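Visitor: According to our numbering, the sequence shown is numbered sequentially starting from -12.
Below is one structure. I have some questions about it.
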Amino acid sequence: MQIDDVQIDENGDVAVSIIADDIYSKNSTQRYQITLTEAEISILSRGAEQRRRA
């Protein structure tokens, strides 16, 4: 799996494109795009910070 591209739009939303090996075909890959809103990133960031403190 590799991160192919990261884009941030004017609202602060982040889109991450990931290329991963296909689980059914040996020589194929699949591209996935995950979009997180600014609010979702904030929630993830707070969770990671809390884990560091523990």
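Just so it is clear, CB atoms sit at the ideal spot from N, CA and C, and this is done for glycine as well.
Predicted, not measured: the structure shown is a model, and the values here were computed from it.
Quick one: Cα of Asp(-9) to Cα of Arg40, how far?
Guide: Sequence index remark: in the sequence shown, residue -9 carries index 4 (1-based). Sequence index remark: in the sequence shown, residue 40 carries index 53 (1-based). Between Asp(-9) and Arg40, the C-alpha separation is close to 31 Å.
Visitor: Indicate the three-state DSSP secondary structure (helix, strand or coil) for Ile10 in the structure shown.
Guide: Your numbering for residue 10 matches position 23 in the sequence shown. Coil.
Visitor: Tell me whether the beta-carbon of Ile21 lies closer than 7 Å to the beta-carbon of Val3.
Guide: Numbered from 1 along the sequence shown, position 34 holds the residue referred to as residue 21. Numbered from 1 along the sequence shown, position 16 holds the residue referred to as residue 3. Yes, they are a contact pair.
Visitor: For Tyr19, which residues in the same chain have their Cβ closer than 6 Å to its Cβ, ignoring the five residues on either side in sequence?
Guide: Translated into the one-based positions of the sequence shown, residue 19 becomes position 32. For Tyr19, where only same-chain residues beyond five positions count, the Cβ hits under 6 Å are Ile5.
Visitor: The beta strand (DSSP E) spanning Thr16 covers which residue range?
Guide: The residue you call residue 16 lines up with position 29 of the sequence shown. Note, Thr16: beta strand (DSSP E), 16 to 23.
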